[in-house]
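Going down the list, the protein sequences come from chains Y and A. The C-terminal residue of the first sequence carries number 477 in full-length UniProt numbering, and the numbering is unbroken. The C-terminal residue of the second sequence carries number 510 in full-length UniProt numbering, and the numbering is unbroken. Glycine included, every Cβ here is placed at the ideal spot set by N, Cα and C.
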Amino acid sequence: MVVGDVTTSTDVLVIGAGPGGYVAAIRAAQLGLDVTLVEKGAYGGACLNRGCIPSKALLNGSDLASEAGQAEELGIYADPTVALDEMMSWKDGIVDQLTSGIEQLCTAAGVNLLKGTAEFAAENKIRIVHQGEGQGSESLKFDHCIIATGSRPIEIPGFDFDDEPIVSSAGALNFETVPAELVIVGAGYIGMELATVYSRLGSDVSVIETLEQALPGYQEDVASIVRQRAARLGVDFHFGYTADSWAESDGEAVLTAVPADEAAHDSDIELTADKILVAVGRRPVTDTLGIEAAGVETDAQGFIPTDSRCRTNKEHIFAVGDVAGEPMLAHKGSKEGEVAAEVIAGEPAAVDYRALPAAVFTDPEIGTVGLTEHEAANEGITPVTGEFQFQASGRALTANRTEGFVRIVAAKETERVIGAQIVGPEASELIAEIAAMIEMGAKLQDIGSTVHTHPTLSEAVMEAAQNARGKAIHRQN
Amino acid sequence: MVREFELPDVGEGVAEGELLRWRVAPGDAVSEDQPVAEVETDKAVVDVPSPVDGVVEELRAAEGETVPVGDVIIVFRVEGEDEPDGTETPADDATADSGHQTDDEAPTQPAEETQSEPAVTQHVQVAASPSVRRLARELGVDISSIADSSPGRITESDVRAYANTDSHSSTQAQSNQRTAAAKQQKQQATSTQSVSPVQARKTADRETTVAVPKTRHVAAEEGVDLDNIPTDERKDGEPFVTLEAVREYAEAQQQAQKKDQEAVAERAAADEPARPESRTPYNGIRQTIGAAMTESKYTAPHVTHQDEVDVTALVDARSTLRQEAEEHDIRLTYMPFVMKACAAALQENPQVNISLDEANEEIVEKEYYNIGVATATDAGLLVPVVEDVDAKGLLEVASETNEKTQRARERSLSPEEMRGGTFTISNIGGIGGEYGTPIINQPESAILALGEIKKKPRVVEADGEETIEPRHVMTLSLSFDHRVLDGADAARFTNSIQKYLRNPNLLLLE
């Protein structure tokens, strides 16, 4: 009864203010719960600060520069000069606007914001270490916890992220000048997006990839359109090589890559670089959380297994976003954040979206959702597909961007739409229509019979659906 | 090659599980990690993944069966001898297709990134919009079970109709409840349990029904709703109900109602003879008191500090003064002394004479001393307030207290006369008992309960000698709001009260 050290408590503790965490916090607060959100860095997480938003800003900036400089065909002659520092501060302005917006949204929703690094002390207790020497720490008891600590880039041996000259994707979004020679290790979507940015800004970009394909995980005909376009922008690809080491020589970094399979390539290669970007993937941030103290289990890769309600093995602890497993997509994290908050509030929420769209913002863009033809067959579904090439789209022609296609996959028997792959202009936007159709249980005819605006790229979606039924107008079926 | 697969330990140390549903049928090709069965343990419903790429040869357990961990539940034929292509099309196309019709699931991302997250990928082939799928969860219905019988698009009314007829719904709803917050649990339980036998009987609950005029007429006469009558027939794409169906349905309804009535009558007859008891409505003052007590008890963390005081001197003083008082027609009890003592103690301990203004997040310290006296009445507990006790003489306090407590018993106190107190005294001793835990009369932050004054042996020290003597002793139970007062505050305050009660002469100085 003697009041000594008062331990504060909260209904819901959210760790991490990225797109999973802040959405969870706001939704939980909307549902009348007392919510505390702990963030050790900037609000918005990797997405806003080191990922989606800054990279898309630079993609757009570099796109403008590149398009303006290559529009002779349209009768436009320009020789744009890029001041990268100005483009970077424009980008930083956007990031600042969005991160402060998140802080305001959280505050307005009544979320208690705490700055610091969280570490579990027990199943229901967390220690928050404040930043800065002598700032101390505090303990917080919680009824429920949502872990949304996200992920960080994977480092490879011999290539520490020290920014000089080795950088992670975060470093590559903050270059002060355009590197004359940029070597990118990894041809996944982060590597390919940044290859797009810097090749358009004038860097001499080389990409090393252990596998024999760019964008592993995407279908060959989708990935090859992006690879070919990148090659035309001047990107050099070295497939089947693994980055081994680097050394400094005459003020330049020289990277040595060794064949992944000696039967395929018999000699090492050396690449000179101003900057080396290592983009070989990301791993979940679960190792610094003291997660054992809470009794939460992780798998071999450090991911936290969760059920359809985003619950971990502990009834009262939830995990959302990158820490909860692949795919690492901001919108997946946000959706899971909502579900976790609603489950805590007693609502019958569950992660039961049927289609999770994904986009790659290369040139041209890729948008995918649901199953590929091959995956459908593996699932025992007899697939039927329909395609439409952007070459045949009036809108694509007038935009001078005719690479790529829309492909829709449906179950042959029921004609129900189960997936789509789009590569081409605005693929990231076009994919949303098909995601909605899959969610609603639509059939090919539902898309085909929906009147689409002319002249737009979305007509390609309608034509692809009609093609699957043998009824496309603007192509042979 | 044939591979037997035993039910694995699907949870932490779970010994058995109920096999809810097979998600594959013999002949189905399966790939590694593809869910093959749903098993419910006492902890959760989990998907059991296939350990191999292969073809389902045999299912060894039935749906609904409880299987011990370690029992073989499924036999796979794995790539080898008689399956040249392993995972290729199974022998019986039709079986495989119909199996996949409802059970298939699809990863929602590029294949190599696929995680085994059961519900993310479940029921991909069930055609229903997200709002309908959510409704199904709210009603505790497994939407894929509806899809088993309705190959088309599942609508809101399909789900509602199924929820009303499905016996699974209650178990499913219970598992929902486990995941819900406590209050929500209560609501859900109420809503699922309130499904009466009549409602649970098979009804259709459609939005539109086609029927000929005569059928409609008969339905109206029989008092049945056409939309509730099950039918497989359709006309112009709409559900169609015949005259026969109406008669059948009406008959079934009547029978069912009769059965229900009989069952109710039987239960009533079987009941024990009623025990004598009576009921009075919980309303009025009783309810108001109840609400106030509950509110106080559960907002202010109550802590009760208990002590006793030797009031032998007070007993003497009172018996002396009582005569004096009676000449003024005033009955002098101990209460006015305690009230004066409390007022004096509050002046000495201003930290107790406060209230917490939660709305404005302020602690309000009062510089006036209005003391409430908890008074038992026929209607319940009322608390008349005597204002400015510090400024009034003992007899004045006595007179006003007597007058107000009397009117409280007569229920003629105005509400104003029960407001504005800064501290309350409750006298449990009048009836008996030593210690109690009084509930704070909010917005005050403390309340004192007085025990009976009893003669007890006490050690008395006089002229350096200790003797045991019979003394008059009263107990004090002080409950305080631990949000704003600490134990030390309560102890100090109680010490002050004791000081005045032990030596009532001090009150003369007040």
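Rounded to whole angstroms, what's the CA-CA distance from A/Pro-197 to A/Gly-223? Just pull it up for me.
Position 197 of the second sequence, counted from the first residue, corresponds to residue 197 of chain A. Position 223 of the second sequence, counted from the first residue, corresponds to residue 223 of chain A. Residue placement at A/Pro-197 is flagged as unreliable, the pLDDT there being 38, under the threshold of 50; the coordinate-derived value follows with that caveat. Using only the alpha carbons, I get a separation of about 19 Å.
Pull out every residue of the segment 150-178 of chain Y whose Cβ sits closer than 8 Å to any Cβ of chain A, in chain order.
none
Against chain D, which members of the segment 15-49 of chain Y pass a CB distance test of less than 7 Å?
Considering every chain present, this structure includes no chain D. Its protein chains are Y and A.
Rounded to whole angstroms, what is the Cα-Cα separation between Y/Ser-449 and Y/Ile-76?
Locating residue 449 of chain Y in the first sequence gives position 449, counting from the first residue. Locating residue 76 of chain Y in the first sequence gives position 76, counting from the first residue. About 39 Å.
Which of helix, strand or coil DSSP assigns to Y/Glu-342:
For this step, residue 342 of chain Y is matched to residue 342 along the first sequence. The answer is helix: DSSP assigns Y/Glu-342 an H, G or I state.
Assuming the contact rule is C-beta atoms closer than 8 Å, A/Asn-370 and A/Ser-496 should be a hit. Round their C-beta distance to whole Å, please.
As a position in the second sequence, residue 370 of chain A is number 370, starting the count at 1. As a position in the second sequence, residue 496 of chain A is number 496, starting the count at 1. The beta carbons of A/Asn-370 and A/Ser-496 sit about 18 Å from each other, so the pair does not count as a contact at 8 Å.
Against chain Y, with Cβ distances strictly below 9 Å, would A/Ala-29 count as a contact?
Looking up residue 29 of chain A in the second sequence gives position 29. Yes, because at least one Cβ of chain Y sits closer than 9 Å to the Cβ of A/Ala-29.
Quick test of the definition: if touching needs 3 or more C-beta pairs under 8 Å, does the segment 418-437 of chain Y touch the segment 357-375 of chain Y?
yes
Proximity test, Cβ basis, 9 Å: Y/Arg-407 and chain A:
As a position in the first sequence, residue 407 of chain Y is number 407, starting the count at 1. Output row for Y/Arg-407: interface = no.
Per-residue burial, A/Glu-32 [other beta carbons within 10 Å of its own, 16 or more giving buried]:
Locating residue 32 of chain A in the second sequence gives position 32, counting from the first residue. It is exposed - the Cβ of A/Glu-32 has fewer than 16 other Cβ atoms within 10 Å.
Length of the line joining the Cα atoms of Y/Gln-476 and Y/Asn-467
Taking the first sequence and counting its residues from 1, the one referred to as residue 476 of chain Y is at position 476. Taking the first sequence and counting its residues from 1, the one referred to as residue 467 of chain Y is at position 467. Approximately 8 Å between the Cα atoms of the pair.
So, with DSSP's three-state summary, where would you put Y/Ser-245?
On the first sequence, residue 245 of chain Y is found 245 positions in, with the first residue counted as 1. Y/Ser-245 sits in a strand when the DSSP states are folded into three classes.
Give me the DSSP bridge partner(s) of A/Glu-362.
On the second sequence, position 362 is the one that residue 362 of chain A refers to. The partner list for A/Glu-362 (beta bridge, DSSP) reads A/Asp-357.
Excluding five sequence neighbours on each side, which residues of the same chain lie with their C-beta closer than 8 Å to the C-beta of Y/His-265?
For the purposes of this step, residue 265 of chain Y is taken as the residue at position 265 of the first sequence. Hits under 8 Å: Gly-240, Tyr-241 and Pro-259.
On the DSSP letters alone, give me the boundaries of the alpha helix (DSSP H) that Y/Asn-467 sits inside.
Counting from one through the first sequence, the residue named residue 467 of chain Y turns up at place 467. Looking at the DSSP string, the run of the alpha helix (DSSP H) that includes Y/Asn-467 is 459-468.
Can you tell me the Cα-Cα spacing of residue 531 of chain A and A/Thr-467, whole angstroms?
Lying before the first or after the last residue shown, residue 531 of chain A is absent from chain A, which here runs from 1 to 510.
Strictly under 9 Å for the Cβ-Cβ distance: is Y/Asp-221 near chain A by that measure?
The count along the first sequence starts at 1 and reaches residue 221 of chain Y at position 221. Cβ-Cβ to chain A under 9 Å: no for Y/Asp-221.
Here's a check: name, in chain order, each residue in its chain whose Cβ is nearer than 6 Å to the Cβ of Y/Val-3, leaving out the five neighbours to either side.
Here residue 3 of chain Y refers to the residue found at position 3 of the first sequence. Low confidence applies to Y/Val-3: its pLDDT is 26, below 50, so where it sits in the model is not reliable, and the reading given next is rough at best. Same-chain partners within the cutoff: there are none.
Please confirm whether A/Val-52 has its beta-carbon closer than 9 Å to some beta-carbon of chain Y.
Taking the first residue of the second sequence as position 1, residue 52 of chain A is located at position 52. With 9 Å as the cut-off, A/Val-52 does not count as an interface residue toward chain Y.
Within 9 Å, strictly: CB atoms of Y/His-238 and Y/Glu-209:
In the first sequence, the residue the question calls residue 238 of chain Y occupies position 238. In the first sequence, the residue the question calls residue 209 of chain Y occupies position 209. Yes, the pair counts as a contact, with Cβ atoms nearer than the cut-off.
Residues in the same chain with beta-carbon distance under 6 Å from Y/Glu-365, minus the five sequence neighbours each way, listed in chain order, please.
Within the first sequence, numbered from 1, the residue matching residue 365 of chain Y stands at position 365. So the list reads Ala-427 and Ser-428, once near-sequence residues are dropped.
Per DSSP, Y/Ala-420 forms a beta bridge with which residues?
Sequence index remark: in the first sequence, residue 420 of chain Y carries index 420 (1-based). Answer is Y/Val-369 and Y/Ile-408.
Endpoints, the beta strand (DSSP E) within which Y/Ser-9 is located
To locate residue 9 of chain Y, count along the first sequence from 1; it is residue 9. Per DSSP, Y/Ser-9 belongs to the beta strand (DSSP E) from 8-15.
If we cut at 9 Å on Cβ distances, does Y/Met-192 have a partner in chain A?
Counted from its first residue, the first sequence places residue 192 of chain Y at position 192. No, Y/Met-192 lies away from the interface with chain A (no Cβ there is under 9 Å from its Cβ).
I'd like the list of long-range same chain contacts for Y/Thr-10, defined as Cβ closer than 8 Å, with 5 residues on each side in sequence excluded.
Your numbering for residue 10 of chain Y matches position 10 in the first sequence. The answer, listed in chain order, is Asp-34, Val-35, Thr-36, Asn-112, Leu-140, Lys-141, Phe-142 and Asp-143.
Below 9 Å on C-beta distance, what does Y/Gly-202 contact in chain A?
In the first sequence, counting from the first residue as 1, residue 202 of chain Y sits at position 202. In chain order: nothing, as chain A lies at least about 32 Å away.
Any C-beta of chain A within less than 9 Å: which residues of the segment 417-443 of chain Y qualify?
Ile-418, Gly-419, Ile-438, Glu-439, Met-440, Gly-441, Ala-442 and Lys-443
Please report how far the alpha carbon of Y/Ser-206 lies from the alpha carbon of Y/Cys-310, in whole angstroms.
Against the first sequence, residue 206 of chain Y aligns to sequence position 206. Against the first sequence, residue 310 of chain Y aligns to sequence position 310. Going by the C-alpha atoms only, they are around 40 Å apart.
Proximal chain Y residues relative to A/Glu-138, where beta-carbon distance stays under 8 Å:
Residue 138 of chain A sits at position 138 when you count from the first residue of the second sequence. What A/Glu-138 touches in chain Y: Pro-348.
CA-to-CA distance, Y/Ser-334 to A/Asp-227, given in whole angstroms
Residue numbering aside, residue 227 of chain A sits at position 227 when the second sequence is read from its first letter. Residue numbering aside, residue 334 of chain Y sits at position 334 when the first sequence is read from its first letter. For A/Asp-227 and Y/Ser-334, the distance between alpha carbons rounds to 41 Å.
Tell me, please, which residues DSSP counts as bridged to A/Asp-47.
Working through the second sequence from its first residue, we reach residue 47 of chain A at position 47. A/Asp-47 pairs with A/Glu-38.
Using only the alpha-carbon positions, how far apart do Y/Glu-123 and Y/Thr-288 sit?
Counting from 1 along the first sequence, the entry for residue 123 of chain Y is found at position 123. Counting from 1 along the first sequence, the entry for residue 288 of chain Y is found at position 288. For Y/Glu-123 and Y/Thr-288, the distance between alpha carbons rounds to 16 Å.
Span separating the alpha-carbon of Y/Ala-324 from that of Y/Thr-306
Numbered from its first residue, the first sequence carries residue 324 of chain Y at position 324. Numbered from its first residue, the first sequence carries residue 306 of chain Y at position 306. It is roughly 6 Å from the alpha-carbon of Y/Ala-324 to the alpha-carbon of Y/Thr-306.
7 Å CB neighbourhood of Y/Glu-212 in its chain, flanking five on each side removed
Along the first sequence, one-based indexing puts residue 212 of chain Y at 212. Hits under 7 Å: Phe-239 and Gly-240.
Taking only three categories from DSSP, how would you classify A/Asp-158?
Along the second sequence, read from residue 1 onward, the residue named residue 158 of chain A stands at position 158. If DSSP states are grouped into helix, strand and coil, A/Asp-158 belongs with the helices.
So, helix, strand or coil for Y/Arg-282, using DSSP?
If you number the first sequence from 1, residue 282 of chain Y lands on position 282. DSSP, read as helix, strand or coil, puts Y/Arg-282 in strand.
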